[in-house]
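Numbering (the numbering used here), first residue to last: 1 to 439.
Pasting the structure below:
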């Protein structure tokens with residue numbers, strides 16, 4: 001009897017658990033000898049090289065993929081005015097889900113009280129928050145002064161705006177635009193093939209990334225005073241990703257949410273491992289178009305937009321962290337302050353788009369609004385790396401969920417593809433153009 005070939009998802013799962021176990025083993029071995037050869041050669045040498053090479057390779061594709069895919073999708077629209085409606089729907093849904101996320105976080109954290117038994121005595125809470133730009137500045141900076149510079153720096157909002165304007169212009173000029181469209185479609189095909197080539201080494205990149213993470217952190221932080229905080233945030237993230245999102249999808253589209261979650265599994269595992277919504281854009285685009293059946297004209301716009309402004313996972317962390325820090329300092333938050341947290345975090349999901357360290361910057365803004373010490377962020381930095389991995393998986397699930405809803409509302413969702421469990425796969429179970437996507 002021939003054994004079933006392990007697909008890409010299965011390989012990534014194996015790489016993920018193997019990386020965690022190997023990382024914990026390394027953490028045990030180097031805990032008493034931080035300058036040992038294991039630390040210098042294996043953790044900071046081989047694992048860092050493989051992991052960062054993989055992430056850098058993915059990031060290399062993000063800008064050309066987003067720009068080319070958006071141009072192709074926009075110029076193919078028979079009615080460019082649809083972009084305003086599509087963008088409005090996507091933005092509204094992203095803000096609504098962010099508001100729901102932080103509201104759930106505040107309610108659960110208030111009941112669980114993760115910081116009720118904590119003490120600030122002897123804790124090092126040094127943290128310097130970066131200055132976040134104002135909402136008005138972000139709106140002004142959306143239009144690139146130099147498109148080439150925006151592409152070079154990877155400024156996603158500016159790239160989106162320029163690609164949309166370029167695509168609309170192509171659609172309006174007739175024959176020259178049609179010739180350019182064929183050119184961009186060919187480039188898009190080549191880039192997607194390159195994505196599939198890189199995905200073949202994903203299990204090894206995932207192994208290296210997780211092994212290094214757990215070798216550096218171990219489980220010590222999670223077994224101490226931060227355990228309740230960590231578990232609270234983790235449980236809410238899982239509820240939001242596997243219950244709230246499917247419920248919203250089902251309520252607004254009447255689609256089967258179980259199919260959505262099943263097809264997102266590979267994407268979620270991958271995003272969890274690389275901990276970057278932007279780096280996951282190529283895979284999320286592939287999943288929403290090939291596996292879920294959303295037309296590229298929709299997905300090429302809503303997925304990069306979501307990777308830029310969708311901060312549901314971060315909003316959950318902010319809600320729990322705010323209550324956690326307030327309880328540690330013995331400060332009771334009023335209902336007005338809770339509402340301020342919800343409003344600030346929801347608006348900040350756009351206002352801090354594209355800023356490095358966005359999660360901690362947003363949390364600093366929230367704490368300042370309700371009068372809590374910003375330096376207390378230093379308390380949760382130790383476990384934030386692990387939670388950030390889960391937040392990324394939740395965020396890309398939200399990106400795909402909103403993309404599917406918008407696609408359905410615009411009649412740009414292929415129901416045959418969505419309902420087909422093997423959609424986008426060849427007869428042998430391999431993804432069209434690449435590796436197997438089955439476990």
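C-beta atoms are modelled at their ideal positions from N, C-alpha and C, and glycine is treated no differently.
Remember, it's a predicted structure, so these values are computed and weren't measured experimentally.
For residue 43: DSSP bridge partner residues:
DSSP lists no partner for residue 43.
Quick one: give me the first and last residue of the alpha helix (DSSP H) that residue 419 is part of.
415-419
Is it buried or exposed, residue 391, if we count other Cβ atoms within 10 angstroms and call 16 or more buried?
buried
Can you tell me which of 42, 58, 116 and 100 puts its alpha carbon nearest to the alpha carbon of residue 26?
That would be 42, whose Cα lies nearest to the Cα of residue 26.
Just to confirm, is the Cβ distance from residue 209 to residue 51 under 8 Å?
yes
Host alpha helix (DSSP H) of residue 311 (start-end)
Run containing residue 311: none; DSSP gives neither H nor E here.
Where does residue 71 sit, in a helix, a strand or coil, going by DSSP?
Of the three classes helix, strand and coil, the one that applies to residue 71 here is helix, per DSSP.
Report back the beta-carbon spacing between residue 371 and residue 310 to the nearest angstrom; my notes put them in contact at under 8 Å.
The pair is not a contact, with the Cβ atoms about 28 Å apart (cut-off 8 Å).
Please report the straight-line C-alpha distance between residue 149 and residue 139, rounded to a whole angstrom.
18 Å
With a threshold of 6 Å on Cβ separation, who are the neighbours of residue 73 within its own chain once the five nearest residues in sequence on each side are excluded?
These residues qualify, in order along the chain: 296, 297 and 300.
Helix, strand or coil for residue 294, going by three-state DSSP, please let me know.
strand
May I ask you to report which of helix, strand or coil DSSP gives residue 380?
coil
Would residue 49 be called buried (16 or more neighbouring beta carbons within 10 Å of its own) or exposed?
exposed
My output table needs one value for residue 412: the three-state DSSP class, helix, strand or coil.
coil
What residues in its chain sit with their C-beta under 8 Å from that of residue 433, if we drop five residues either side in the sequence?
Since pLDDT at residue 433 reaches only 49, below the 50 mark, its modelled position is unreliable, and no value is offered.
Where does residue 200 sit, in a helix, a strand or coil, going by DSSP?
coil
Coarse secondary structure for residue 169, derived from DSSP in three states
helix
Alpha carbon to alpha carbon, what distance is there between residue 252 and residue 69?
27 Å
Alpha carbon to alpha carbon, what distance is there between residue 233 and residue 242?
In a straight line, the C-alpha of residue 242 is about 14 Å away from that of residue 233.
Is residue 181 helix, strand or coil when you go by DSSP?
Collapsing the DSSP output to three states places residue 181 in a helix.
Leaving out the 5 sequence neighbours to the left and right, which residues in its chain are closer than 6 Å to residue 441 when beta-carbon positions are compared?
A question about residue 441 goes unanswered here, because the residues of the chain that appear run from 1 up to 439.
Residue of 55, 46, 44 and 14 minimising C-alpha distance to residue 283:
For residue 283, the closest C-alpha among the options 55, 46, 44 and 14 is that of 55.
If I'm right that residue 388 touches residue 275 with Cβ under 8 Å, what's the distance once you round it to whole angstroms?
5 Å
Would the beta-carbon of residue 113 fall within 8 Å of that of residue 327?
yes
Residue 123 to residue 31 span [Cα, whole Å]
With a pLDDT of 47 at residue 123, under the threshold of 50, the predicted position of this residue should be treated as unreliable, though the coordinate-derived value follows. Cα to Cα, the separation comes out at about 21 Å.
Straight-line Cα distance separating residue 365 from residue 137:
16 Å
Helix or strand or just coil, what does DSSP make of residue 405?
In this structure, residue 405 counts as helix in the three-state DSSP scheme.
In terms of alpha-carbon separation, which member of 170, 144, 270 and 246 lies closest to residue 205?
270
Closest by CA to residue 93, which one among 380, 376, 302 and 384?
302
Residue 156 and residue 278 closer than 8 Å at C-beta:
Yes.
Hey, could you find the ends of the alpha helix (DSSP H) residue 266 is sitting in?
257-274
Alpha carbon of residue 420 to alpha carbon of residue 377, nearest angstrom
46 Å
Tell whether a beta-carbon distance below 8 Å holds between residue 105 and residue 320.
yes
Does the beta-carbon distance from residue 71 to residue 174 come in below 8 Å?
No Cβ-Cβ contact shorter than 8 Å links residue 71 with residue 174.
Give the single residue among 305, 416 and 369 whose Cα lies nearest to the Cα of residue 89.
305
Among 186, 231 and 57, which has the Cα closest to the Cα of residue 200?
57
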